[in-house]
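K.L.:
FYI, in my numbering the residues of the sequence shown are 85 to 452. Below are the structure tokens for one structure; questions will follow.
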Amino acid sequence: MENNIITSRVEKLRALMADKGLDVFVLIVDERANSESCHYISGFRGSSAGLIITLNDAILITDGRYKIQAKIQSPFTIIIQSELSTYEYIAKAVNDGGYSRAGFEAEKISHYDFKKYFEPVKCEWLDVSEFIPKLRRTKDSHEAGLIRRAAKIGREALGNVLKSACVGMSEVEFEIKLLQEIKLLGAEKGWAHDDFIVASGVRSAMCHAPATSKTFAEGDIVTVDYGAMFEGYMSDITRNFVIGRADSKAQEINSVLLKAHNEAAKALRPGISGAEADGVARKIITDAGYGDNFLHGLGHGLGLEIHEAPRLSKTSKDILQAGDVVTVEPGIYIEGWGGLRIEDDYLITEDGCECLTVSDNQSLIIIR
């Protein structure tokens, strides 16, 4: 990541700190937990770290495993420590710095660790868990470009693997081939913490079914929910295919989902609420007689994590704004028969939205 991008993000964080009257902001990465936010604000992508950011300094604390990596990835002042834990080092630094008002992320630190390490420090601790998510929510052109690149890799990989899909191939075999192709095309991995969803036949009625040893049969609907990671940013795409002939119900449901997806995507713009966007797709699905079979929200935010703010659902109070990246993924699931879902990723622009995944091949793909 270029240093000017990191500098800009730190300055935005400092503006938030000034508004709250903070002298210092601290962030901890504990066994990869919270690593996405550390990456965002510092550039560093290791599994263990601490950040100390004041109005004048930006310090990254990590251990000897990351001595070289930290210097390559981050412009922050690097502290390699071995005698103290990250919590101990940060607590000591805040205490020794004589800061009176420190911001931390209560959502990311256990009550036990706060009581043990931070509470004894003689300063006022203020929970500012909203700071980094607020900054991360608005994607700049650089971030949108990385998601677009991750989507391109994902689309190309799926197209390549579909050429070998056949009766007798297992869900797991398909997933492995897809992940291998994604990496060969230049992605770091698939998703950061989740396996792909590959569900065939009646199993496709399960929204989050992991791949199994079940083999594809003639006429099976196969739902594939997958993505690629490029420089930390992920794409999230769902496509459906059938080997042989698709029955009339599959064709009907796919048509309903296409309409619901595309009409909801047309409605995306700054100022619309997550509930309103969800309602566009939900009405179409309900009017077609499948309202009880749409079992989840319309979509979610996407970026360094596969699920971020904002949410698109019937209960969401989030208001879309320019710079949001969201998925649109209406689905219909019928127990004992199967299900389909169509998903693409959209960047909210000043006057509407842009599809980052390029919404081709949304129709049910037929494998002969």
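Heads up, the beta-carbon is just placed ideally off N, CA and C, and yes, glycines get one too. Being a predicted model, the structure only gives us computed values, none of them experimental.
(1) Measure the alpha-carbon distance for N118 versus A234 and round it to whole angstroms.
(2) Enumerated in chain order, which unbroken segments of the beta strand (DSSP E) with a length of 3 residues or greater are wholly contained in the region 120-183?
(3) Could you name the residues of the same chain whose beta carbon sits closer than 6 Å to that of L100, not counting the 5 residues immediately before and after it, in chain order?
(4) Using DSSP's beta-bridge definition, name the partner residues of N324.
(5) Could you tell me which residues DSSP pairs with M318 in its beta bridges?
(6) Can you list, in chain order, the stretches of the beta strand (DSSP E) that have 3 or more residues and sit fully within the region 206-275?
(7) Can you name the residues that DSSP bridges to F109?
(8) Are the beta-carbon atoms of S145 and Q165 separated by less than 8 Å?
(9) Is the region 189-203 touching the region 363-372 in the sense that three or more CB pairs, one from each, lie closer than 8 Å?
(10) Would H226 be called buried (16 or more neighbouring beta carbons within 10 Å of its own) or exposed?
(11) If you follow the beta strand (DSSP E) that E302 is part of, which residue opens it and which one closes it?
(12) Please state whether DSSP places I356 in a helix, a strand or coil.
(13) Where does the unbroken beta strand (DSSP E) through A295 begin, and where does it stop?
(14) Quick check on DSSP: helix, strand or coil for H345?
(15) Would you kindly report the start and end of the unbroken beta strand (DSSP E) that includes R395?
(16) Within a Cβ cutoff of 7 Å, which residues of the same chain sit near D304, ignoring the five residues on either side of it in sequence?
(17) What is the residue span of the alpha helix (DSSP H) that A102 lies within?
(18) Going by the beta-carbon positions, is the gap between G358 and L396 smaller than 8 Å?
(19) Go through its chain and collect everything with a Cβ distance to G436's Cβ below 6 Å, but skip five positions before and after it.
(20) Can you find at least 3 beta carbon pairs, one from the region 366-380 and one from the region 337-352, that sit closer than 8 Å?
(21) Residues in the same chain with beta-carbon distance under 6 Å from E259, minus the five sequence neighbours each way, listed in chain order, please.
(22) Hey, out of I403, G238, E336 and V412, whose CA is closest to E347's CA?
(23) How is T411 classed by DSSP in three states: helix, strand or coil?
(24) Should S297 be labelled buried (16 or more other beta-carbon atoms within 10 Å of its own) or exposed?
(25) Could you compute how far the alpha carbon of L230 sits from the alpha carbon of V110?
(26) How is T433 classed by DSSP in three states: helix, strand or coil?
P.N.:
The relevant details are as follows:
(1) As a first step, residue 118 is located in the sequence shown; it is residue number 34 there, counting from the start. As a first step, residue 234 is located in the sequence shown; it is residue number 150 there, counting from the start. Their Cα atoms are separated by approximately 22 Å.
(2) 133-138, 142-146 and 161-164
(3) Here residue 100 corresponds to residue number 16 of the sequence shown, with the count starting at 1. Closer than 6 Å at the Cβ level, and outside the excluded window around L100, lie F215.
(4) As a position in the sequence shown, residue 324 is number 240, starting the count at 1. Answer is T307.
(5) Mapped onto the sequence shown, residue 318 falls at position 234. According to DSSP, M318 bridges with M313.
(6) Runs of the beta strand (DSSP E) inside the region 206-275: 208-211.
(7) Within the sequence shown, numbered from 1, the residue matching residue 109 stands at position 25. Partner(s): I137 and G187.
(8) Reading the sequence shown from its first residue, position 61 is the one you call residue 145. Reading the sequence shown from its first residue, position 81 is the one you call residue 165. Rather than Ser, the amino acid found at residue 145 in this sequence is Ile. Yes. Within cutoff.
(9) no
(10) What you label residue 226 is simply residue 142 of the sequence shown in a count that begins at 1. Burial is judged here by how many other beta carbons sit within 10 angstroms of a residue's own beta carbon; H226 has fewer than 16 and is exposed.
(11) Residue numbering aside, residue 302 sits at position 218 when the sequence shown is read from its first letter. No beta strand (DSSP E) holds E302; DSSP gives it neither H nor E.
(12) Here residue 356 refers to the residue found at position 272 of the sequence shown. Reduced to three states, the DSSP call for I356 is coil.
(13) Here residue 295 refers to the residue found at position 211 when the sequence shown is read from its first residue. Where A295 is concerned, there is no enclosing beta strand (DSSP E), because DSSP gives it neither an H nor an E.
(14) As a position in the sequence shown, residue 345 is number 261, starting the count at 1. DSSP places H345 in helix when its eight states are reduced to three.
(15) Walking along the sequence shown from the start, residue 395 turns up at place 311. Run containing R395: E392 to L396, per the beta strand (DSSP E) assignment.
(16) Here residue 304 is taken as the residue at index 220 of the sequence shown, counted from 1. Result list for D304: S284, G285, V326 and I327, in chain order.
(17) Position 18 of the sequence shown, counted from the start, is the residue given in the question as residue 102. From DSSP, the alpha helix (DSSP H) with A102 extends over N87 to K104.
(18) Your numbering for residue 358 matches position 274 in the sequence shown. Your numbering for residue 396 matches position 312 in the sequence shown. A contact, by the Cβ cut-off of 8 Å.
(19) Position 352 of the sequence shown, counting from 1, holds the residue named residue 436. The residues are R353.
(20) yes
(21) The residue labelled residue 259 in the question sits at position 175 within the sequence shown. Around E259, the same chain offers F280, V282 and A295 as residues with beta carbons nearer than 6 Å, after the five sequence neighbours per side are excluded.
(22) As a working mapping, residue 347 is identified with position 263 in the sequence shown. Answer by Cα proximity: V412.
(23) By 1-based counting over the sequence shown, the position of residue 411 is 327. In the structure shown, T411 sits in a strand (DSSP, three-state: E or B).
(24) Residue numbering aside, residue 297 sits at position 213 when the sequence shown is read from its first letter. Classification for S297: exposed.
(25) For the purposes of this step, residue 230 is identified with residue 146 of the sequence shown, where counting begins at 1. For the purposes of this step, residue 110 is identified with residue 26 of the sequence shown, where counting begins at 1. Those two C-alpha atoms are separated by around 27 Å.
(26) Numbered from its first residue, the sequence shown carries residue 433 at position 349. Looking at T433 - three-state DSSP - the assignment turns out to be strand.
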